[in-house]
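Every position in the sequence shown, counted from 1, becomes a number in the working numbering once 92 is added. Every residue gets a Cβ at the ideal spot worked out from N, C-alpha and C, and that includes glycine. What follows is a single structure, written as structure tokens, with notes after it.
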Amino acid sequence: LFLRLYLHERVSHGVSNRSLARFLSALSGFQRSIASQRENRDLIFKLPRIKYSGKLPVFVPQSEAGQLFERDEATGDADSYACWRDYIVVALLYVTGLRREEIAGLRISDLDLQRGLVTTIGKGNKQRVVPMGDYTRAEVQEYLTRREHFIHALNSLSPFLLLNRAGGALSVRSIDRLVKQFGKLRGMDLTPHKLRHSFATHLLENGADLMFIKEVLGHSSLSITQKYTHVTAEAMKRVYESAHPRSGTRK
93 LFLRLYLHER
103 VSHGVSNRSL
113 ARFLSALSGF
123 QRSIASQREN
133 RDLIFKLPRI
143 KYSGKLPVFV
153 PQSEAGQLFE
163 RDEATGDADS
173 YACWRDYIVV
183 ALLYVTGLRR
193 EEIAGLRISD
203 LDLQRGLVTT
213 IGKGNKQRVV
223 PMGDYTRAEV
233 QEYLTRREHF
243 IHALNSLSPF
253 LLLNRAGGAL
263 SVRSIDRLVK
273 QFGKLRGMDL
283 TPHKLRHSFA
293 THLLENGADL
303 MFIKEVLGHS
313 SLSITQKYTH
323 VTAEAMKRVY
333 ESAHPRSGTR
343 K
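Written out as structure tokens, the structure reads:
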């Protein structure tokens, strides 16, 4: 009774069903923990279930993805370390599908430029290896040359691939900020997660196997990856509605 009253109160304050479902999931985990002791079993009670509609991933259309790789040659600092770093952050997010935390934690030793591979530690402390294309591999090599000059001037010995102005590791918050700014300069609304969604969606649209996408993204189950099939289905539906004479929407 008290739990239901609490949930009702949270709803009245505008808390979403998704947030309440996460709370109940955490509470369920706590119950499982205390249930291991016999004297606590009387404290266990059945938890309510809350349904919510999952949002489809937002992504950059393939027709606009080329804008991500347009260098800012017109700006005076196009060859600066910061400009190259921001470009590499966006490029890696899009061509590898890494999470922002994984990008922030990359060390130079995690790169195998000869084979075009990146090693990362994802959720659950699981290691995975993801490919990067030849174009990005060449750009990362160019970036490393500029990074070397940058850390030499600061006398920094940081092993991390992406550095802040002081020569330390770039934070997750900084990655959020610079990706947003990078997109704003190109008239695009970008976030690290949107680039990850774009990576997966574009692979699927171009015929990649769903199991391959699951492994590259580091998902724990195929059901998580299958949300991208809904994305491509919605995209096909929009094309159909705009192009087919019997779709019922053309005038």
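Distance from the CA atom of Val150 to the CA atom of Tyr98, rounded to whole angstroms, is 33 Å. DSSP places Val271 in no beta strand (DSSP E) but in the uninterrupted alpha helix (DSSP H) bounded by 264-277. Counting along the chain, Thr212 sits inside no alpha helix (DSSP H); it lies in the beta strand (DSSP E) bounded by residues 209-213. Taking a 10 Å sphere around the C-beta of Met303, we find fewer than 16 other C-beta atoms and assign the residue as exposed.
In terms of Cα proximity to Ala183, the closest of Ala118, Gly158, Pro153, Glu101 is Gly158. Of all C-beta pairs linking the stretch 273-289 to the stretch 207-218, fewer than three are shorter than 8 Å, placing the two stretches out of contact.
DSSP places Val187 inside the alpha helix (DSSP H), whose first and last residues are 173-188. A check of alpha carbon separations from Thr211 across Met280, Asn247, Leu253 identifies Leu253 as the nearest. A direct Cα-to-Cα measurement between Lys286 and Thr321 gives close to 16 Å. When secondary structure is reduced to three states using DSSP, Phe252 falls in the strand class. Val308 places its beta carbon 7 Å or farther from that of Val232. Beta bridge pairing from DSSP links Val221 with Thr211.
Inter-residue distance for Ala335 and Leu236 is about 47 Å (C-alpha atoms, whole angstroms). Taken atom to atom, the span from the alpha-carbon of Ser155 to that of His241 is near 36 Å. Leu203 carries a strand assignment under DSSP once its states are collapsed to helix, strand and coil. The beta carbons of Ala300 and Gly189 sit about 11 Å from each other, so the pair does not count as a contact at 8 Å. Take the alpha-carbon of Ser201 and the one of Ser250: they are about 12 Å apart. Membership of Arg257 in any alpha helix (DSSP H) is not indicated, and neither H nor E is assigned to it by DSSP. Taking 4 residues as the minimum length, the alpha helix (DSSP H) runs contained wholly in the stretch 270-330 are 284-297, 302-309, 314-317, in order along the chain.
Cβ contact annotation for Leu116 (same chain, cutoff 6 Å, sequence separation greater than five): Leu139, in chain order. In this structure, Leu270 is the residue among Gly214, Leu270, Arg239, Leu205 with its C-alpha nearest to the C-alpha of Val181.
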